[in-house]
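The opening position of the sequence shown corresponds to residue 1 in the numbering used here, with each subsequent residue numbered one higher. Heads up, the beta-carbon is just placed ideally off N, CA and C, and yes, glycines get one too.
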Amino acid sequence: MAAKLQIHTPYVLQALPRPLDGPDGPGRYVAGEVFGQKQDCKRRKRTELSVAIDGVAVYIYDLLSSQAVTSYLVSPQSVFTCAPYSLRWRPESSKTATRYTYVSLSTSSASSSLKREIKLFKEETSGAGTTTTTPVSHTLRSDAPIVHIFASSPRSSITNLPGDESPNHDLVAVAADGTVLCLNGETLEQRWQSSPSVLSKELLSGSKLSLDVDFAQSTLAADVVEGMFGGKNELFGVFQEKIHRDGFNPDFLVLITSDKSSQARHLHILALPSEREARQTNNERLISVFVAPVPVEGGNTKYQLDVRSGTLQSLTGGTIFTYAFSNGIPRLENKLQVPELTSFLRLSKTSVLTSAPACFSVYNPIYRSLQATVPADSDAAADNSNTFEFITYLASREIAVGLRGANLAAVQIEAPKNRTSKRRAEGLLTDAIRRGISRDQSCQKRAKEEHLASDVLADLVPGAVDASWPEWQSKSAQADELLHNNDLRSWEELLAEVFRVPVKSSEADAEKGTLTNGTTPAAHLLEWAWPSSRADYARIDRRWVFYAISKVFAWGEQSQDPKAARLACRLPESNVLNYLVDAGHLSTSNIKSAFKDGVRELSEAEEVIGQEIPVLLAQVDPTMELLVGYLSGTQLGSTELVSAIKLLLRSLGLFEDSSKILMRLTENGGEGHDQENEAVNMELEQAEVELQITEHYLGGHRTRGLGVAFSKLAACPSIATVQSLRRLFKPEETIGLMNVLRAELIKDGWTTRYLDRTGADHDDIEAPPDGSIQLIADLMSRCIDSVGLGGWMASDTMLTSSRSQEDSADFFSQFQAEVSVALEGIMEAVRLQGALAEAVSYAKRAKRALADSAKGKAVSLHLSEELPLGLKTDSRISTERVRSGGEIVARSSRQMGHFISKKRGTYSVHRISEEMLLGEAGPTVVQEAR
């Protein structure tokens, strides 16, 4: 099954103060990520966000608690030129934490000209919790505004003392004209500065160009080598050492610039001077490592660069372009066109989160498919000025954070349930099936106006694979014409012929049923002769099934009311509807195929169809016979079965409307002890009502349909069943379903002891099947899981107000007692089965032995005439023997010879005398030996 992402409804983390308007326009918000670093450890992104508000302050917000951690005020005339940069440093041996927050300001006043400066807010927090903030500022001499600032990696200089635990980092600022400035991270003293000529001199068009920096991002050299150059370290021969992640790994700066005159764009990879290079060359300068052209898509372009994977993405005019780097050159990999996009955020290589005025969506740029979507708030969708601008994505929490108007908002993205501990990108082809979006016209192949005629292609139209295609076209056109003329009788007669179902109606009945205007009323439609078994229905072409479903039912567009039904029945009294139900053709897959154009954009089409089709059949036939036939003859999923069970239980009066429960809750608060006085009378009346309901429940086709639905629901996967119960049943309705299952447990006799003789006189009642206890236990377990812990805790009030239970304690105690008795009965049955099995086995063995003894046993006798004189036959010596421990071993040859010699009889030689012959004396032994 394809994996499914789920986007939760966006929520507001914090309402931001209103910015003050500046001289160049209205005030704005700029936000940046917050990083944390321990001594001798890597720098990591924190779950915090720095938000700068023009003329107000800089706030640091904790995204998990939605609270402000700290703030730094600025003058009302100050305007932020770029996003702030915040770094929280913690030494290894000290409990004191220092937060460095850098901002770029542009301050204007009436008496002086525009003043540009970089400001540092250094906040030290001791172990006792005391906080000290020290501001440091540096005035810039450049006329171009700063567009990007970041802190470099800590320096490892030989002048550092052994006990020095300061970060020793630099602040690098990039101006809009390409000027790169380096300041000391503690004092903001200028260390070095590079002119825009470092960028322009590498371009082929000339060295005196006016450039604008459109994008800037800091990274490490090892990430650039592995992600953008495929690990080819030999391309960076400008360095004297080999770049390695655990060794020489300087800071890199990636810029995208545009030329004002030619509108050309280029990608620049710059290397910041390291301490090792500075000591060897006695010079700190910015090194241009690589320059490559970047395709120009449009004017206002937003970029996102993932250096480790080597992916560059840009948003221009509602189109997301994805580039992959080959030896540093960006190559267009795919193009995703979605109208009205305002912002995007890269989640993985195969997932991009986008925002539009009406919705939030996750797209797969590789297969151009829609993975998930959620509608935006109606107020936010109506106000196009408050667009959502993504800032960062917390992968560990699966939260995307952004700015919408004056609010700091977040979007929760829930991963699929089948995702393992190792995170997997939902970018398989199976995840994109039936979720594709249409391509733009430029990506499609355009047909030429003038082309050569082909007899082969003219004959083999797509879909004409056999001779039945022309017949299908003509008959479907004829059926459409009959239905258009409202000739339902002829239309049903045509479909009966297609479905191979005989018709009972005669021509006389047809003449009687024709009105003066030529139409046929529903009361005089043809009567079809239904077969006695579903197996007798003939096999038909599936195209006619789809056609019949599309004509009998109608699929409506999504309305403003979320509870409005999407599926409607246009021919409720037609025999075609009965045929579709009885033949088992009204499955969810067939309905989706019949309305494939309408359900294509609906991600939860199966759930919507499965929920609405039983309700629609119950509305067509209030006696529920059509619904029971639908349950018996169709392959159904958990959604259809749960919806049908809800309708059947409600028709049997086993469910109660939630409005009545709320009414009793209101009355309970006013009446108090008055209801306790009437408890006995109410209980007797309720017992009588339940008796009537039980009698009605024991008979009828609805009971049979409920049993079929229970049997099929038990065969469905447990996870899908629990999800369907949570979606379609309220907690009180789920508890009502459990009460029905408890009644089935009692009715089938599973709670009756084996030695109990109370039901001995009811021998005519058919015993329940042995598998019913497993079915009931399975469904009870799924009902308990669907209610959940929170539902059971919240259902105390509902159970107390219910007329069928005195309070929640009685409900749980009775439920536990019934389950215990049923379990005890099963254990007794197992014990009895063991005893009976032993007796039956002994009887079978005794019978078999008696039969064998009656046949007699053949005994072989040896003839003494054939034996040698003086010898006799002995028993054979076994070749195996048993040791004292019970082990069977083979006898040795020596032992075999010993036993043979012991069994050999005594051989004697006698002398026969005359006296012996006369009987006067015995024989005389001459020799005796063995």
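Would the beta-carbon of Ala151 fall within 8 Å of that of Tyr100?
In this structure, Ala151 sits near Tyr100, with a CB-CB distance shorter than 8 Å.
Check for me: the beta strand (DSSP E) holding Gln217 runs from which residue to which?
If you look at Gln217, you'll find it in the beta strand (DSSP E) that goes Leu211 to Leu220.
Cβ neighbour criterion (16 or more within 10 Å) applied to Val889
Flag for Val889 reads exposed.
To which residues does DSSP link Gln478 through a beta bridge?
The partner list for Gln478 (beta bridge, DSSP) is empty, contrary to what the question assumes.
Please say whether Cys783 and Leu850 have beta carbons closer to each other than 8 Å?
Cβ atoms of Leu850 and Cys783: not closer than 8 Å.
Unbroken beta strand (DSSP E) runs of length 3 or more, entirely within the region 332-389: which are they?
DSSP runs (the beta strand (DSSP E)) wholly in the region 332-389: 343-348, 351-355, 359-364 and 369-375.
Who are the near neighbours of Val628 in its chain, counting only those whose CB is closer than 6 Å to its CB and skipping five residues on each side?
Excluding sequence neighbours, Val628 sits near His701 and Gly705.
How about Ser113 and Gln77: are their beta carbons less than 8 Å apart?
It is not a contact, given that the beta carbons lie outside the stated cut-off.
Helix, strand or coil for Gln240? Go by DSSP, reduced to three states.
Here Gln240 sits in coil by DSSP.
Could you say which of Asn485, Lys45, Ser474 and Ala538 lies nearest to Pro502 if we only look at CA atoms?
The residue among Asn485, Lys45, Ser474 and Ala538 with its C-alpha nearest the C-alpha of Pro502 is Ala538.
Taking DSSP as the reference, what is the three-state secondary structure of Gln193?
If DSSP states are grouped into helix, strand and coil, Gln193 belongs with the strands.
Using 10 angstroms around the beta-carbon of Lys712, count the other beta-carbons present and answer buried if the total reaches 16, otherwise exposed.
With a threshold of 16 other beta carbon atoms within 10 Å, Lys712 meets it and is buried.
When burial is assigned at 16 or more other CB atoms within 10 Å of the CB, is Val882 buried or exposed?
Exposed: under 16 other Cβ atoms inside 10 Å.
With the cut-off set at 8 Å, would you say Pro339 and Ala358 are in Cβ contact?
The answer is no: Cβ separation not under 8 Å.
Closer than 8 Å to chain B by CB, Phe899
Considering every chain present, this structure includes no chain B. It has just one protein chain.
Rounded to a whole number of angstroms, what is the C-alpha to C-alpha distance between Ala583 and Arg534?
Their backbone Cα atoms lie some 6 Å apart in a straight line.
Please determine if the region 314-323 and the region 283-297 are in contact, where contact requires at least 3 C-beta pairs separated by less than 8 Å.
Using a Cβ-Cβ distance cut-off of 8 Å, the region 314-323 and the region 283-297 are in contact, since at least three pairs of beta carbons, one from each stretch, lie closer than that value.
Could you pull the DSSP bridge partners for Leu266 from this structure?
The identity of residue 266 in the sequence shown is His, whereas the question assumes Leu. Checking the DSSP bridge columns, you'll see His266 partnered with Thr257 and Pro293.
CB-CB length for Asp40 against Glu92, believed under 8 Å
Between Asp40 and Glu92 the beta-carbon gap is near 6 Å, inside 8 Å, which marks them as a contact.
Thinking just about the alpha-carbon of each residue, which of Asn168, Trp192, Val147 and Glu189 is nearest to the one in Asp177?
Measuring from the Cα of Asp177, the nearest candidate turns out to be Val147.
Ser50 versus Asp259 - alpha carbon distance:
Their backbone Cα atoms lie some 32 Å apart in a straight line.
CB of Val934 within 8 Å of CB of Leu305, strictly:
Absent from the model: residue 934. The displayed extent of the chain is 1 to 930, so no value can be given.
Cα-Cα separation, Ile149 to Ser786
Going from the Cα of Ile149 to the Cα of Ser786 covers about 51 Å.
In the DSSP output, which residue or residues are listed as bridge partners for Gly436?
When beta bridges are read from the DSSP output, Gly436 appears opposite Ser369.
Burial state of Glu449 (16 or more Cβ within 10 Å)
Summary for Glu449: the model assigns pLDDT 44, below 50, so the residue's position carries little reliability, and this model does not support an answer.
Since Ser86 is in the beta strand (DSSP E), which residue starts that stretch and which ends it?
Per DSSP, Ser86 belongs to the beta strand (DSSP E) from Tyr85 to Arg90.
For Ile776, which residues of its own chain have a beta-carbon under 7 Å away from its beta-carbon, when the five flanking residues on both sides are left out?
Cβ-Cβ distances below 7 Å link Ile776 to Leu741, Glu744 and Leu745 in the same chain, with the five nearest sequence neighbours on each side left out; the list follows chain order.
Compare the C-alpha of Ile613 against each of Arg600, Asp597, Ser878 and Pro572 and name the closest.
Measuring C-alpha to C-alpha distances from Ile613 to each of Arg600, Asp597, Ser878 and Pro572 identifies Pro572 as the nearest.
Just to confirm, is the Cβ distance from Pro354 to Leu341 under 8 Å?
Residue 354 is actually Thr in this sequence, not Pro. Thr354 places its beta carbon less than 8 Å from that of Leu341.
Need the endpoints of the alpha helix (DSSP H) that Ala554 sits in, please.
Unbroken run through Ala554 is the beta strand (DSSP E), Phe553 to Trp555; no alpha helix (DSSP H).
For Asn407: DSSP bridge partner residues
Asn407 is bridged to Ala15 and Arg404.
Using a Cβ-Cβ cut-off of 7 Å (strictly less than) and excluding sequence neighbours within five positions of Asn184, which residues of its own chain qualify?
Result list for Asn184: Asp170 and Arg191, in chain order.
What three-state label does DSSP hand Pro10 in the structure shown?
Here Pro10 sits in coil by DSSP.
Close-in-space but distant-in-sequence residues of the same chain around Leu725 (CB under 7 Å, 5 per side omitted)
Once the five neighbours on either side are set aside, the close Cβ partners of Leu725 are Val642, Thr734, Arg782, Cys783 and Ser786.
Give every residue of the same chain whose Cβ lies closer than 6 Å to the Cβ of Thr311, excluding the five residues on either side of it in the sequence, and list them in chain order.
Closer than 6 Å at Cβ, skipping near neighbours: no residue.
Residues near Asp480 in its chain [Cβ-Cβ closer than 8 Å; skip 5 each side]:
Closer than 8 Å at the Cβ level, and outside the excluded window around Asp480, lies no residue.
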